[in-house]
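J.: Take 4 as the starting number for the sequence shown in the working numbering and just add one per residue.
Don't be surprised by glycine CBs; every beta carbon is placed ideally from N, CA and C.
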Amino acid sequence: MNNSLTTEKRSKLQPPLKLIKTTDINREQWLTVRKSGIGSSDAAAAVGLNPYKSQLELWLEKTGRDGNLPKTDPNDESSPMYWGILLEPFVAANYTRRTGNRVRRINAVLQHPFEPWMLANIDREVMGVSDVQILECKTAGINGARLWKEGIPEYVQLQVMHQLAVTGKQAADVAVLICGQELQVHRIERDEVMIERLIELEREFWRYVQLDQTPPADGSDSADRALRCLYPQDNGKVLNLRHDSEMSQAFSDLLSVRQSLASQSQFESQLKQRIQQRLADATKAVFEMGEVSWKRSKDKTELDVERLLKDQPELLQRYCLIKPGSRRFLVNAGA
(Lines of atoms letter the chains of each structure in order from A; the text may use other names.)
(Lines give C-alpha, C1' and ligand atoms only; values in the text may rest on other atoms or scores of the structure.)
Protein backbone atom coordinates (compact mmCIF):
# COMPACT_ATOMS: atom_id res chain seq x y z
CA MET A 4 0.00 0.00 0.00
CA ASN A 5 1.46 3.36 -0.98
CA ASN A 6 2.08 6.20 1.46
CA SER A 7 -0.71 8.50 0.23
CA LEU A 8 -3.41 5.87 0.74
CA THR A 9 -1.97 4.99 4.14
CA THR A 10 -2.02 8.70 5.02
CA GLU A 11 -5.66 8.93 3.98
CA LYS A 12 -6.68 6.02 6.18
CA ARG A 13 -4.83 7.57 9.10
CA SER A 14 -6.49 10.94 8.48
CA LYS A 15 -9.93 9.34 8.89
CA LEU A 16 -8.92 8.51 12.44
CA GLN A 17 -7.90 12.07 13.23
CA PRO A 18 -9.97 15.25 12.68
CA PRO A 19 -8.58 18.11 10.60
CA LEU A 20 -6.59 20.88 12.22
CA LYS A 21 -8.14 24.32 12.58
CA LEU A 22 -5.44 26.49 11.06
CA ILE A 23 -7.07 29.83 11.84
CA LYS A 24 -10.47 31.24 12.79
CA THR A 25 -11.96 33.20 9.89
CA THR A 26 -13.89 35.41 12.33
CA ASP A 27 -10.58 36.79 13.62
CA ILE A 28 -9.20 37.96 10.25
CA ASN A 29 -10.23 40.28 7.42
CA ARG A 30 -10.49 39.38 3.75
CA GLU A 31 -6.90 40.38 2.93
CA GLN A 32 -5.54 38.25 5.77
CA TRP A 33 -7.73 35.35 4.62
CA LEU A 34 -6.33 35.65 1.09
CA THR A 35 -2.82 35.55 2.56
CA VAL A 36 -3.65 32.35 4.45
CA ARG A 37 -4.95 30.81 1.23
CA LYS A 38 -1.55 31.33 -0.40
CA SER A 39 0.01 28.97 2.14
CA GLY A 40 -1.62 25.91 0.58
CA ILE A 41 -4.16 24.45 -1.82
CA GLY A 42 -7.74 25.12 -0.74
CA SER A 43 -10.79 23.15 -1.81
CA SER A 44 -11.79 25.81 -4.36
CA ASP A 45 -8.25 25.52 -5.80
CA ALA A 46 -8.37 21.74 -6.24
CA ALA A 47 -9.68 21.56 -9.80
CA ALA A 48 -7.32 24.29 -11.03
CA ALA A 49 -4.37 22.59 -9.31
CA VAL A 50 -4.95 19.40 -11.31
CA GLY A 51 -5.76 21.23 -14.57
CA LEU A 52 -9.52 20.58 -14.63
CA ASN A 53 -11.03 23.98 -13.80
CA PRO A 54 -12.82 25.49 -16.85
CA TYR A 55 -12.20 29.01 -15.52
CA LYS A 56 -8.67 28.91 -14.08
CA SER A 57 -5.46 27.27 -15.30
CA GLN A 58 -2.63 25.80 -13.26
CA LEU A 59 -0.48 28.70 -14.40
CA GLU A 60 -2.90 31.35 -13.14
CA LEU A 61 -3.26 29.51 -9.82
CA TRP A 62 0.55 29.32 -9.57
CA LEU A 63 0.77 33.10 -10.00
CA GLU A 64 -1.65 33.52 -7.09
CA LYS A 65 0.17 31.11 -4.80
CA THR A 66 3.59 32.67 -5.52
CA GLY A 67 2.37 36.26 -5.14
CA ARG A 68 2.86 37.17 -8.81
CA ASP A 69 -0.80 37.89 -9.53
CA GLY A 70 -0.67 41.65 -8.93
CA ASN A 71 -1.48 42.49 -12.57
CA LEU A 72 -4.17 39.86 -13.00
CA PRO A 73 -7.77 41.15 -13.14
CA LYS A 74 -9.43 40.78 -9.74
CA THR A 75 -13.09 40.22 -8.95
CA ASP A 76 -14.54 42.89 -6.68
CA PRO A 77 -16.59 41.09 -4.00
CA ASN A 78 -18.90 44.14 -3.90
CA ASP A 79 -19.57 44.14 -7.65
CA GLU A 80 -23.27 43.30 -8.04
CA SER A 81 -22.69 42.04 -11.60
CA SER A 82 -20.27 39.39 -10.32
CA PRO A 83 -21.40 35.78 -9.73
CA MET A 84 -19.17 35.82 -6.62
CA TYR A 85 -21.23 38.65 -5.10
CA TRP A 86 -24.51 36.76 -5.53
CA GLY A 87 -22.95 33.48 -4.45
CA ILE A 88 -21.88 34.99 -1.12
CA LEU A 89 -25.17 36.86 -0.66
CA LEU A 90 -27.37 33.84 -1.38
CA GLU A 91 -25.33 31.21 0.49
CA PRO A 92 -27.39 31.50 3.74
CA PHE A 93 -30.64 31.19 1.75
CA VAL A 94 -29.36 28.10 -0.05
CA ALA A 95 -28.36 26.55 3.28
CA ALA A 96 -31.73 27.41 4.87
CA ASN A 97 -33.65 25.89 1.97
CA TYR A 98 -31.46 22.79 2.08
CA THR A 99 -32.52 22.32 5.71
CA ARG A 100 -36.17 22.89 4.78
CA ARG A 101 -35.91 20.37 1.93
CA THR A 102 -33.99 17.61 3.75
CA GLY A 103 -34.64 18.27 7.43
CA ASN A 104 -30.86 18.22 8.07
CA ARG A 105 -29.62 20.90 10.47
CA VAL A 106 -26.44 22.73 9.49
CA ARG A 107 -24.00 25.12 11.12
CA ARG A 108 -21.09 27.27 10.01
CA ILE A 109 -17.46 26.28 10.52
CA ASN A 110 -15.68 29.62 10.88
CA ALA A 111 -12.18 28.30 10.33
CA VAL A 112 -9.66 27.35 7.69
CA LEU A 113 -9.16 23.60 8.08
CA GLN A 114 -5.87 21.81 7.49
CA HIS A 115 -5.22 18.17 6.60
CA PRO A 116 -3.70 16.42 9.66
CA PHE A 117 -0.78 14.95 7.65
CA GLU A 118 -0.59 17.11 4.51
CA PRO A 119 -0.12 20.69 5.82
CA TRP A 120 -0.45 22.26 2.35
CA MET A 121 -4.00 20.87 2.00
CA LEU A 122 -6.50 23.45 3.27
CA ALA A 123 -10.29 23.68 3.16
CA ASN A 124 -13.10 26.09 3.89
CA ILE A 125 -16.41 24.33 4.55
CA ASP A 126 -19.65 26.22 3.87
CA ARG A 127 -21.64 24.26 6.46
CA GLU A 128 -21.35 21.20 8.69
CA VAL A 129 -24.38 18.88 8.64
CA MET A 130 -25.48 17.99 12.17
CA GLY A 131 -27.13 14.95 13.72
CA VAL A 132 -27.26 12.53 10.77
CA SER A 133 -24.98 9.62 9.92
CA ASP A 134 -25.12 9.58 6.11
CA VAL A 135 -23.80 13.07 5.31
CA GLN A 136 -21.49 15.49 7.15
CA ILE A 137 -20.73 18.45 4.83
CA LEU A 138 -22.88 20.91 2.86
CA GLU A 139 -21.46 22.86 -0.09
CA CYS A 140 -23.68 25.73 -1.27
CA LYS A 141 -23.62 26.89 -4.90
CA THR A 142 -25.50 29.30 -7.15
CA ALA A 143 -25.65 29.13 -10.95
CA GLY A 144 -26.88 31.86 -13.26
CA ILE A 145 -27.95 31.62 -16.89
CA ASN A 146 -24.45 30.87 -18.16
CA GLY A 147 -23.43 28.57 -15.31
CA ALA A 148 -26.65 26.54 -15.33
CA ARG A 149 -25.62 24.61 -18.46
CA LEU A 150 -22.74 23.06 -16.50
CA TRP A 151 -25.26 21.43 -14.13
CA LYS A 152 -27.46 19.78 -16.80
CA GLU A 153 -25.67 16.44 -16.44
CA GLY A 154 -25.29 16.62 -12.65
CA ILE A 155 -22.42 18.01 -10.59
CA PRO A 156 -19.70 19.63 -12.74
CA GLU A 157 -16.31 17.96 -12.48
CA TYR A 158 -14.60 20.97 -10.91
CA VAL A 159 -17.19 20.99 -8.11
CA GLN A 160 -16.77 17.24 -7.56
CA LEU A 161 -13.03 17.78 -7.12
CA GLN A 162 -13.65 20.66 -4.72
CA VAL A 163 -15.88 18.50 -2.53
CA MET A 164 -13.60 15.45 -2.72
CA HIS A 165 -10.77 17.70 -1.51
CA GLN A 166 -12.97 18.71 1.45
CA LEU A 167 -13.65 15.06 2.27
CA ALA A 168 -9.92 14.35 2.07
CA VAL A 169 -9.04 17.17 4.48
CA THR A 170 -11.82 16.45 6.97
CA GLY A 171 -11.84 12.65 6.79
CA LYS A 172 -15.64 12.74 6.37
CA GLN A 173 -17.67 10.20 4.41
CA ALA A 174 -20.16 12.23 2.35
CA ALA A 175 -21.20 15.74 1.34
CA ASP A 176 -24.34 17.29 -0.13
CA VAL A 177 -24.07 19.95 -2.81
CA ALA A 178 -27.05 22.31 -2.85
CA VAL A 179 -27.18 24.50 -5.96
CA LEU A 180 -29.67 27.26 -6.69
CA ILE A 181 -30.23 27.33 -10.47
CA CYS A 182 -31.17 30.74 -11.94
CA GLY A 183 -32.52 31.87 -8.58
CA GLN A 184 -35.55 29.57 -8.58
CA GLU A 185 -34.65 25.87 -8.67
CA LEU A 186 -32.82 24.17 -5.79
CA GLN A 187 -31.05 20.91 -6.60
CA VAL A 188 -29.40 18.68 -3.98
CA HIS A 189 -26.70 16.21 -5.04
CA ARG A 190 -24.82 13.69 -2.88
CA ILE A 191 -21.07 12.98 -3.20
CA GLU A 192 -19.71 9.93 -1.41
CA ARG A 193 -16.10 9.58 -0.37
CA ASP A 194 -14.01 7.77 -3.01
CA GLU A 195 -10.64 6.58 -1.68
CA VAL A 196 -9.15 5.89 -5.12
CA MET A 197 -10.16 9.32 -6.38
CA ILE A 198 -8.83 11.01 -3.23
CA GLU A 199 -5.53 9.17 -3.55
CA ARG A 200 -5.11 10.35 -7.14
CA LEU A 201 -6.27 13.88 -6.29
CA ILE A 202 -3.69 14.23 -3.51
CA GLU A 203 -0.99 12.89 -5.80
CA LEU A 204 -1.77 15.44 -8.53
CA GLU A 205 -2.20 18.31 -6.07
CA ARG A 206 1.16 17.43 -4.54
CA GLU A 207 2.75 17.66 -7.99
CA PHE A 208 1.30 21.16 -8.43
CA TRP A 209 2.39 22.27 -4.96
CA ARG A 210 5.90 21.16 -5.85
CA TYR A 211 5.86 23.76 -8.65
CA VAL A 212 5.04 26.37 -6.00
CA GLN A 213 7.70 25.19 -3.56
CA LEU A 214 10.39 25.02 -6.27
CA ASP A 215 9.24 28.32 -7.81
CA GLN A 216 8.89 26.67 -11.21
CA THR A 217 6.12 27.54 -13.64
CA PRO A 218 3.69 24.73 -14.55
CA PRO A 219 3.05 24.21 -18.28
CA ALA A 220 0.52 26.43 -20.04
CA ASP A 221 -2.60 24.56 -21.21
CA GLY A 222 -3.87 26.68 -24.11
CA SER A 223 -6.72 28.25 -22.13
CA ASP A 224 -7.66 31.93 -21.92
CA SER A 225 -6.63 31.75 -18.26
CA ALA A 226 -3.13 30.62 -19.20
CA ASP A 227 -2.92 33.40 -21.79
CA ARG A 228 -3.79 35.97 -19.09
CA ALA A 229 -1.22 34.45 -16.78
CA LEU A 230 1.56 34.56 -19.38
CA ARG A 231 0.82 38.20 -20.19
CA CYS A 232 0.90 38.97 -16.47
CA LEU A 233 4.13 37.03 -15.93
CA TYR A 234 5.95 38.42 -18.98
CA PRO A 235 4.38 41.83 -19.78
CA GLN A 236 7.49 43.29 -21.46
CA ASP A 237 9.97 42.05 -24.05
CA ASN A 238 13.67 42.95 -23.76
CA GLY A 239 14.77 42.83 -27.40
CA LYS A 240 16.81 39.66 -26.92
CA VAL A 241 16.80 36.99 -29.67
CA LEU A 242 16.81 33.32 -28.62
CA ASN A 243 18.44 30.84 -30.99
CA LEU A 244 16.33 27.70 -30.62
CA ARG A 245 17.49 25.99 -33.81
CA HIS A 246 19.11 23.18 -31.83
CA ASP A 247 16.36 22.90 -29.19
CA SER A 248 14.58 19.79 -30.46
CA GLU A 249 11.56 20.16 -28.14
CA MET A 250 10.89 23.80 -29.07
CA SER A 251 11.62 23.14 -32.75
CA GLN A 252 9.00 20.39 -32.73
CA ALA A 253 6.53 22.73 -31.02
CA PHE A 254 7.14 25.37 -33.72
CA SER A 255 6.74 22.77 -36.48
CA ASP A 256 3.46 21.59 -34.94
CA LEU A 257 2.28 25.20 -34.68
CA LEU A 258 2.93 25.78 -38.39
CA SER A 259 1.12 22.54 -39.24
CA VAL A 260 -1.92 23.41 -37.11
CA ARG A 261 -2.11 26.91 -38.57
CA GLN A 262 -1.95 25.52 -42.10
CA SER A 263 -4.77 23.10 -41.29
CA LEU A 264 -6.88 25.85 -39.71
CA ALA A 265 -6.32 28.10 -42.74
CA SER A 266 -7.47 25.32 -45.07
CA GLN A 267 -10.52 24.62 -42.92
CA SER A 268 -11.34 28.34 -42.77
CA GLN A 269 -11.18 28.65 -46.55
CA PHE A 270 -13.39 25.57 -46.98
CA GLU A 271 -15.86 27.00 -44.46
CA SER A 272 -16.00 30.23 -46.47
CA GLN A 273 -16.65 28.32 -49.70
CA LEU A 274 -19.56 26.43 -48.12
CA LYS A 275 -21.00 29.60 -46.61
CA GLN A 276 -20.79 31.43 -49.93
CA ARG A 277 -22.53 28.57 -51.80
CA ILE A 278 -25.48 28.91 -49.44
CA GLN A 279 -25.42 32.72 -49.72
CA GLN A 280 -25.57 32.45 -53.52
CA ARG A 281 -28.56 30.14 -53.23
CA LEU A 282 -30.25 32.49 -50.74
CA ALA A 283 -29.80 35.48 -53.05
CA ASP A 284 -32.38 38.03 -51.74
CA ALA A 285 -34.05 35.60 -49.32
CA THR A 286 -33.73 36.19 -45.57
CA LYS A 287 -33.64 32.62 -44.30
CA ALA A 288 -33.14 29.03 -45.49
CA VAL A 289 -34.43 26.00 -43.61
CA PHE A 290 -32.75 22.56 -43.71
CA GLU A 291 -33.52 19.22 -42.09
CA MET A 292 -30.68 19.76 -39.60
CA GLY A 293 -31.23 23.47 -38.89
CA GLU A 294 -31.43 26.85 -40.56
CA VAL A 295 -29.39 29.88 -41.65
CA SER A 296 -30.31 33.55 -41.98
CA TRP A 297 -28.71 36.38 -43.94
CA LYS A 298 -30.13 39.67 -42.72
CA ARG A 299 -29.09 43.27 -43.08
CA SER A 300 -28.23 44.87 -39.75
CA LYS A 301 -29.56 48.25 -38.71
CA ASP A 302 -27.68 51.37 -39.78
CA LYS A 303 -25.38 52.85 -37.14
CA THR A 304 -24.27 56.40 -36.52
CA GLU A 305 -20.56 56.72 -35.67
CA LEU A 306 -18.16 59.56 -35.09
CA ASP A 307 -15.78 60.14 -38.00
CA VAL A 308 -12.70 60.68 -35.82
CA GLU A 309 -10.27 60.99 -38.73
CA ARG A 310 -12.27 63.79 -40.34
CA LEU A 311 -12.86 65.52 -36.99
CA LEU A 312 -9.13 65.60 -36.20
CA LYS A 313 -8.38 66.82 -39.70
CA ASP A 314 -10.73 69.79 -39.15
CA GLN A 315 -9.71 70.36 -35.50
CA PRO A 316 -6.24 68.80 -34.90
CA GLU A 317 -5.90 70.52 -31.50
CA LEU A 318 -8.48 68.11 -30.08
CA LEU A 319 -5.93 65.28 -30.18
CA GLN A 320 -3.76 67.01 -27.60
CA ARG A 321 -6.68 68.13 -25.46
CA TYR A 322 -8.33 64.69 -25.29
CA CYS A 323 -5.38 62.37 -25.78
CA LEU A 324 -5.74 58.94 -24.13
CA ILE A 325 -2.72 56.65 -24.04
CA LYS A 326 -3.54 52.94 -23.96
CA PRO A 327 -0.74 50.65 -22.72
CA GLY A 328 0.56 48.31 -25.39
CA SER A 329 0.53 44.53 -25.13
CA ARG A 330 2.82 41.87 -26.55
CA ARG A 331 1.80 40.40 -29.92
CA PHE A 332 2.76 36.86 -30.90
CA LEU A 333 3.62 36.79 -34.63
CA VAL A 334 4.71 33.72 -36.61
CA ASN A 335 7.02 33.95 -39.64
CA ALA A 336 7.65 30.62 -41.37
CA GLY A 337 10.98 30.14 -43.15
CA ALA A 338 12.77 32.94 -41.32
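Taking all protein chains shown into account, decide if A178 is buried (16 or more other Cβ within 10 angstroms of its Cβ) or exposed.
T.: The residue is buried, with at least 16 neighbouring Cβ atoms inside 10 Å.
J.: How should R310 be labelled, buried or exposed, when 16 other C-beta atoms within 10 angstroms of its C-beta is the threshold for buried?
T.: R310 comes out exposed.
J.: Taking the alpha helix (DSSP H) that D176 belongs to, which residues open and close that run?
T.: D176 -> not in any alpha helix (DSSP H); beta strand (DSSP E) instead, spanning 174-181.
J.: Could you check what DSSP says for G40 in three-state terms: helix, strand or coil?
T.: Coil at G40, not helix or strand.
J.: Using C-beta distances below 8 Å, list every residue in its chain close to P219, excluding the 5 sequence neighbours before and after it, in chain order.
T.: Around P219: Q58, L59.
J.: DSSP has Q114 in a bridge; who is on the other side?
T.: Partner(s): L20, L122.
J.: Taking 8 Å as the cut-off, does the segment 239-256 touch the segment 74-93 (at least 3 CB pairs, one atom from each stretch)?
T.: Verdict: no, contact absent.
J.: Taking only runs that begin and end inside the segment 237-288, name each unbroken alpha helix (DSSP H) of 4 or more residues, in chain order.
T.: If we require 4 residues or more, the alpha helix (DSSP H) runs fully inside the segment 237-288 come out as 248-282.
J.: Which residues bound the beta strand (DSSP E) around R190?
T.: Run containing R190: 185-192, per the beta strand (DSSP E) assignment.
J.: Quick one, which of G40, E31, D27, L34 has its alpha-carbon nearest R210's?
T.: Out of G40, E31, D27, L34, G40 has the C-alpha closest to the C-alpha of R210.
J.: Counting Cβ pairs closer than 8 Å, one from the segment 214-233 and one from the segment 180-196, do we hit at least three?
T.: Not touching, per the Cβ criterion.
J.: Use the C-beta contact count for W33: other C-beta atoms within 10 angstroms, 16 or more gives buried, fewer gives exposed.
T.: Label assigned to W33: exposed.
J.: Taking S296 as part of the beta strand (DSSP E), name the residues at either end of that continuous run.
T.: Unbroken beta strand (DSSP E) run through S296: 293-296.
J.: Quick one: what's got a C-beta closer than 6 Å to L204's C-beta in the same chain, skipping five residues either side?
T.: These residues qualify, in order along the chain: V50.
J.: Report yes if the CB atom of K240 is closer than 8 Å to the CB atom of L113, and no otherwise.
T.: No. Outside cutoff.
J.: Can you give me the C-alpha to C-alpha distance between R261 and V135, rounded to a whole angstrom?
T.: Distance between the alpha carbons of R261 and V135 is about 51 Å.
J.: If we call anything under 8 Å between Cβ atoms a contact, is V68 one with L214?
T.: At residue 68 the sequence reads Arg, which differs from the Val that was named. Contact: no.
J.: Measuring alpha carbon to alpha carbon, tell me which residue in R37, V163, R127 is nearest I202.
T.: Of the listed residues, the one whose Cα sits closest to I202 is V163.
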